[in-house]
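Visitor: When we follow my numbering, the leftmost residue of the sequence shown carries the number 12, and every step to the right adds one.
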Amino acid sequence: MRDATGKISTGDFDRRVRLTSGDEFEELANDFNHMAEKLGAQFNSLNALIELDKAILSSLDINLIIEIVLHRLNDTAHFSSPGFLLIERFRKNKGTLFHLHGKESPIEETSINLNEEFIERSNKPANSMNWFEENPSLLFSSCPQDTANNHACIVPVLTQQRLTGFFIFFNESCADASQEASERLLEYANHVAIAIGNAQWEEDLYHQAHYDPLTGLPNRALLYDRLDQATRLARRNNHHVAVCFLDIDLFKNINDSFGHNVGDLYLIELGKRLSSSIRQTDTIVRFAGDEFVILMPEIPPHKNRPFSIVRG
12 MRDATGKIST GDFDRRVRLT SGDEFEELAN DFNHMAEKLG AQFNSLNALI ELDKAILSSL
72 DINLIIEIVL HRLNDTAHFS SPGFLLIERF RKNKGTLFHL HGKESPIEET SINLNEEFIE
132 RSNKPANSMN WFEENPSLLF SSCPQDTANN HACIVPVLTQ QRLTGFFIFF NESCADASQE
192 ASERLLEYAN HVAIAIGNAQ WEEDLYHQAH YDPLTGLPNR ALLYDRLDQA TRLARRNNHH
252 VAVCFLDIDL FKNINDSFGH NVGDLYLIEL GKRLSSSIRQ TDTIVRFAGD EFVILMPEIP
312 PHKNRPFSIV RG
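1. From Tyr222 to Val166, what distance separates their C-alpha atoms?
2. Do three or more CB pairs link the stretch 188-205 to the stretch 55-69 at distances below 8 Å?
3. Just to confirm the assignment, what range does the alpha helix (DSSP H) spanning Glu280 have?
4. Quick check: what's the CA-CA separation for Asp215 versus Cys164?
5. Classify Val327 as buried or exposed, calling it buried when 16 or more other Cβ atoms lie within 10 Å of its own Cβ.
6. I want to know whether the stretch 203-220 touches the stretch 277-289 - three or more CB-CB distances under 8 Å.
7. Is Asp267 close to the ligand HEM? I mean its beta-carbon at under 7 Å from any heavy atom of the ligand.
8. Please go through the same chain and pick out, in chain order, the residues whose beta-carbon is closer than 6 Å to the beta-carbon of Phe178, but skip the five residues on each side of it.
9. I need the DSSP call for Asn230, collapsed to helix, strand or coil.
10. Alpha carbons only, please: which of Gly208, Ala253, Asp301 and Gln240 is nearest the one belonging to Leu261?
11. When burial is assigned at 16 or more other CB atoms within 10 Å of the CB, is Phe180 buried or exposed?
12. Among Val254, Asp258, Ile259 and Leu276, which one has its Cα closest to the Cα of Ile289?
13. Give the range of the beta strand (DSSP E) segment to which Arg29 is assigned.
14. Spell out the partners DSSP gives Met307 in its beta bridges.
15. Could you pull out every residue in the same chain whose Cβ sits closer than 7 Å to the Cβ of Ile205, ignoring the five residues on either side in sequence?
16. To which residues of the same chain is Pro229 closer than 8 Å at the C-beta, ignoring the five residues directly before and after it?
17. For Ser122, which of helix, strand or coil comes out of DSSP?
18. With DSSP run on the structure shown, which of helix, strand or coil describes Gly106?
19. In this structure, what does DSSP give as the bridge partners for Asp293?
20. By alpha-carbon positions, which one of Phe303, Gly208 and Tyr277 ends up nearest to Asn266?
21. Can you tell me the Cα-Cα spacing of Val168 and Gly176, whole angstroms?
22. How about Ile98 and His110: do their beta carbons lie closer than 8 Å?
23. Could you tell me the boundaries of the beta strand (DSSP E) in which Leu97 lies?
24. Rounded to whole angstroms, how far is the Cβ of Leu257 from the Cβ of Ile305, which I believe are closer than 8 Å?
25. Where DSSP assigns a beta bridge to Asp258, which residues make up the other side?
26. Just grab the DSSP bridge partners of Thr170 for me.
27. How many angstroms separate the CA atom of Phe54 from the CA atom of Phe43?
28. Mind reading off the beta-carbon distance from Pro308 to Leu225? Whole number of angstroms is fine, and I expect it under 8 Å.
29. Quick one, which of Arg100, Lys49 and Glu78 has its alpha-carbon nearest Pro93's?
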């Protein structure tokens with residue numbers, strides 16, 4: 012007992028006291044072992060949350076956060092084969108499944124298509140974390156073959172009351188989870204929700220700074236960045252870069268005659284048509300007002316074929 016107590020003082024909670032005396036000393040040893048196991052689980056959970064907090068503060072890589080959580084869950088939550096499905100932000104019928112088969116196995120990433128039934132369920136307001144069991148094949152139109160015919164325990168993860176993903180424990184029953192494991196998983200889910208929220212907030216800031224709010228096209232700031240990249244690549248590969256400036260003649264007359272709402276619709280439609288008429292490597296930019304820029308990188312050099320300037 013003294014040796015085991017000394018181990019606990021050094022942070023080692025794995026030492027157990029073995030007594031088969033059949034008296035109060037055996038009961039004391041069993042209580043001590045239970046206490047050590049509980050303390051060990053609590054400290055492991057605390058260390059995991061500290062690790063998560065550090066990762067969230069130092070990185071916006073949600074994949075890294077999910078990887079840390081899955082490994083910790085596999086160690087501490089008494090669940091085997093944990094997974095997390097991250098739902099795409101703007102395509103609710105798509106997601107990425109992160110699946111850990113074992114402690115020594117790498118995390119597998121699989122693209123998943125969600126069934127309409129699940130999409131309808133996910134659109135309903137969710138005010139708390141609810142466990143539910145389901146056959147994965149009823150939720151996903153495509154899922155790993157080794158999990159398709161088995162039930163799973165599923166725990167939704169909410170970001171600002173919106174479903175952004177969920178934990179999946181394949182071949183597990185929700186009833187098997189202890190109260191401590193459930194509370195620990197809830198803490199992990201809250202941290203993952205914060206990480207997803209931070210990543211989306213950063214994505215929104217980037218989009219606001221680099222894209223035109225009316226047309227959704229890249230703006231002047233993003234043009235300068237891509238132009239710098241294009242010229243560097245052109246020097247390296249001995250290619251050309253073309254920049255085409257466009258403006259709309261008499262655009263002011265549209266605003267004056269039909270109103271600015273119609274003028275805005277005109278700009279939006281023009282942006283769509285220009286975007287559908289360029290190469291995948293080209294960039295359409297709303298430069299200012301009724302002015303647009305087309306950036307065309309990676310143009311192979313042609314001898315005796317000079318560039319031409321066309322006014323249309």
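Here a beta-carbon is modelled for each residue, glycine too, at the ideal position from N, C-alpha and C.
Keep in mind that this is a model prediction, so the values were computed, not measured.
Guide: With the structure as the only source:
1. Roughly 35 Å between the two C-alpha positions.
2. Counting Cβ pairs under 8 Å, three or more are found: they touch.
3. First-last of the alpha helix (DSSP H) with Glu280: His271 to Ser286.
4. Computed Cα separation, rounded: 32 Å.
5. No answer is possible for residue 327: it lies beyond the span of the chain, which begins at 12 and ends at 323.
6. No contact exists between the stretch 203-220 and the stretch 277-289.
7. The ligand content of the structure shown is nil, which means the ligand HEM is not present either.
8. Cβ neighbours of Phe178 beyond the five flanking positions: Phe95 and Val166.
9. Shown here, Asn230 sits in coil according to DSSP, grouped into three states, outside any helix or strand.
10. Here the closest residue by C-alpha is Asp301.
11. With 16 or more other Cβ atoms within 10 Å, it is buried.
12. In terms of Cα proximity to Ile289, the closest of Val254, Asp258, Ile259 and Leu276 is Val254.
13. Unbroken run through Arg29: none, as it is neither H nor E.
14. Beta-bridge pairing links Met307 to Ala253.
15. So the qualifying residues of the chain are Ile67.
16. Taken in chain order, the residues that qualify are His221, Tyr222, Asp223, Arg237, Thr294, Ile295, Val296 and Arg297.
17. Strand.
18. It is a strand residue.
19. Paired residue(s): none; Asp293 is not in a bridge.
20. Per the Cα distances, Tyr277.
21. Those two C-alpha atoms are separated by around 5 Å.
22. With respect to the 8 Å criterion, Ile98 and His110 are not classified as neighbours on the basis of their beta carbons.
23. In the DSSP annotation of this structure, the continuous segment of the beta strand (DSSP E) that includes Leu97 starts and ends at Pro93 to Ile98.
24. The beta carbons of Leu257 and Ile305 sit about 7 Å from each other, so the pair counts as a contact at 8 Å.
25. In DSSP, Asp258 forms a bridge with Glu302.
26. In the DSSP assignment, Thr170 forms a beta bridge with Arg173.
27. Distance between the alpha carbons of Phe54 and Phe43 is about 16 Å.
28. The beta-carbon distance between Pro308 and Leu225, rounded to whole angstroms, is 25 Å. This is too long to meet the 8 Å contact definition.
29. When only C-alpha atoms are compared, the closest one is Glu78.
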